[in-house]
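Residue numbers (full-length UniProt numbering): 1 to 73.
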């Protein structure tokens with residue numbers, strides 16, 4: 001007769017392992033959500049920086065000329 005781990009261990013000792021597995025699953029799910037949130041924030045930041053870069057490329061000369069002093073200023 002082969003004894004399995006379940007047949008040797010009383011029920012009360014099996015529950016913490018199940019709870020441990022649930023806690024592990026919750027931690028894994030939280031880690032995935034955190035990675036998704038980080039990726040979304042990174043994408044949003046990249047979009048903002050791209051917008052700033054394109055604005056500076058088109059308006060750079062005008063922006064610099066606004067700081068150039070003209071005679072008597």
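The C-beta atom is built at its ideal place from N, Cα and C for all residues, glycine as well.
Predicted model, so just to flag it, every value in this text is computed and none were measured.
Under the three-state DSSP convention, the category residue 37 falls into | For the purposes of this step, residue 37 is taken as the residue at position 37 of the chain shown. Residue 37 falls in the helix class under three-state DSSP.
Collapsed DSSP secondary structure at residue 68 in the structure displayed | Along the chain shown, read from residue 1 onward, the residue named residue 68 stands at position 68. Assignment of residue 68 by DSSP, reduced to helix, strand and coil, places it in the coil class.
Rounded separation between residue 63 and residue 48 - CA only | For the purposes of this step, residue 63 is identified with residue 63 of the chain shown, where counting begins at 1. For the purposes of this step, residue 48 is identified with residue 48 of the chain shown, where counting begins at 1. Rounded to whole angstroms, the separation of the alpha carbons of residue 48 and residue 63 is 19 Å.
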